[in-house]
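Report on the structure given below.
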Amino acid sequence: MTKRLYIQDVATRDGFQIEPNFIPTEGKIALIDRLSETGLAKIEVTSFTSPKAIPNLRDAEEVMRGIRRTPGVEYTVLVPNVKGCERALSCRVDEINLVMSASDTHGMANLRMTPEQSLAQFREIIEVTRGSGVFINASLSTTFGCPFEGDIPEPRIYELVQRLLDLDVQGITLCDTTGMADPAQVERICREATSNWPEAVFTAHFHNTRGMGLANALAALNAGIDRFDASLGGLGGCPYAPGASGNICTEDLVHMFQRMGLNTGVDLDTLLQCAASLPELVGHDVPGAVLKAGKADRRYPKPKWMQESDK
């Protein structure tokens, strides 16, 4: 039986956080409910951050409490601090996602914290979750490169992975925050991670900023990664990461894996229906390719003159 790949959609958090206009709460809830019916393994619903910092996600509690939970789907949220964690736990989330940067400069620009300060804060947050049963994931931004500092030394990445696991983090997302990764680098880093920490749960998170998103996802797959972040329609970016355009597109990623005969558990047609609703919801076109071109097995009628000659 083909190994299952696990796809997490991050559009309603990573995508909506930088939209120019606030997405109505009822629209967010309706989209999440539809995504829950596609077979996705996980949905990143929102972020329990300060409404002043990210006003587009100021309705975090309302959204989290308003969605229809589907058995088999895990609902995760981004948590920036202890207060955010307490808010998230009150909404009975399945998972909290903590975020830190491997880069000092990006960490200060994005979080106003160095990696050391982030690790110290993670320790406090994790203490709050004791006994809750909530899964703890940590996203390591700029794993594959920083827009301010350039390449992060790979030994530094592995050091931070170990320190996160020492804090009892259960899952780690290796993030290509501004689309700087290349497939050779991705395969090397991901293989090192999966080989050295085989019991850890690793997820790969890529942006398509320079058109290499799906190539990088394939490289991660070849290195043993079986969990992937992606964003419906290719929405997303980072308000504190210059040049970061959208995440890899969920429906494009699923389409690629399914064409390869891999099991994602996702109903692609239902997912494409969700993607088709995005332009009206967000008020602009979205980058996803398969939605525009159709699936690779789409067939077109012959030109009229050829049809006539066949008669």
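Okay, so the sequence shown: first residue is 16 according to this note's numbering, each after it adds one.
Ideal Cβ placement from N, Cα and C applies to all residues, glycine included.
Inset, instruction - Along the alpha helix (DSSP H) that carries Gln200, what are the first and last residues, could you check? - result: Gln200 -> alpha helix (DSSP H) spans 198-211.
Inset, instruction - Please confirm if Ile33 has its CB atom under 8 angstroms from at least one CB of chain C. - result: Although the question refers to chain C, the structure presented lacks it and comprises just one protein chain.
Inset, instruction - With DSSP as the reference, please indicate the residues paired to Phe243 in a beta bridge. - result: Paired residues: Ile22, Ala219.
Inset, instruction - Identify which residue in Lys18, Arg19, Leu50 has its Cα closest to the Cα of Leu293. - result: In this structure, Leu50 is the residue among Lys18, Arg19, Leu50 with its C-alpha nearest to the C-alpha of Leu293.
Legend entry - Lys57: first and last residue of the uninterrupted beta strand (DSSP E) it sits in: Lys57 -> beta strand (DSSP E) spans 57-62.
Legend entry - Whether Ile167 touches Leu189 by CB criterion (8 angstroms): Contact: no.
Inset, instruction - Kindly indicate which residue of Leu20, Met123, Val60, Phe150 has the alpha-carbon position closest to the one of Gly30. - result: Nearest option by C-alpha distance: Val60.
Inset, instruction - Could you tell me how far apart the beta carbons of Leu155 and Ile187 are, in whole angstroms, since I believe they sit closer than 8 angstroms? - result: In this structure, Leu155 and Ile187 form a Cβ contact; the two beta carbons are roughly 6 angstroms apart against a cut-off of 8 angstroms.
Inset, instruction - Flag this pair as yes or no: are the beta carbons of Thr158 and His121 separated by less than 8 angstroms? - result: With contacts defined as CB atoms closer than 8 angstroms, Thr158 and His121 fail to qualify as a contacting pair.
Legend entry - Beta-ladder partner(s) of Leu155, from DSSP: Bridge partners of Leu155 according to DSSP: Met115, Leu189.
Legend entry - Neighbour-count burial assignment, Met16, 16 or more Cβ in a 10 Å radius: Unreliable placement is indicated for Met16, whose pLDDT of 47 sits below 50; the coordinate value is still reported in the next sentence. That one is exposed.
Inset, instruction - Out of Val297, Gly298, Leu236, Gly252, state which residue places its alpha-carbon closest to the alpha-carbon of Val269. - result: From the listed residues Val297, Gly298, Leu236, Gly252, the smallest Cα separation to Val269 is found for Leu236.
Legend entry - Collapsed DSSP secondary structure at Met16 in the structure displayed: Note on Met16: pLDDT 47, under 50, position unreliable in the model; no value is reported.
Inset, instruction - Over the uninterrupted alpha helix (DSSP H) stretch that includes Thr144, give me the two end residues. - result: 130-144 is the span of the alpha helix (DSSP H), which, as asked, contains Thr144.
Legend entry - Spatially closest choice to Ala75 from Gly226, Arg107, Gly87, by CA coordinates: Nearest to Ala75 by C-alpha distance, out of Gly226, Arg107, Gly87, is Arg107.
Legend entry - Identity of the residues DSSP links to Asn96 by a beta bridge: Paired residues: none, contrary to the question.
Inset, instruction - Check Asn36 in the structure and name its three-state DSSP category. - result: Looking at Asn36 - three-state DSSP - the assignment turns out to be coil, as it is neither helix nor strand.
Inset, instruction - Give every residue of the same chain whose Cβ lies closer than 7 angstroms to the Cβ of Gly54, excluding the five residues on either side of it in the sequence, and list them in chain order. - result: Excluding positions up to five away in sequence, the list reads Gly280, Val281, Asp282.
Inset, instruction - Can you give me the start and stop residues for the alpha helix (DSSP H) that Leu268 sits inside? - result: Per DSSP, Leu268 belongs to the alpha helix (DSSP H) from 265-274.
Inset, instruction - Can you grab the Cα-Cα spacing for the pair Ala238 / Tyr173, in whole Å? - result: Cα-Cα distance, rounded: 16 angstroms.
Inset, instruction - Taking Gln288 as the reference, give the member of Lys310, Met79, Val114 with the closest Cα. - result: The residue with the shortest Cα to Cα distance from Gln288 is Lys310.
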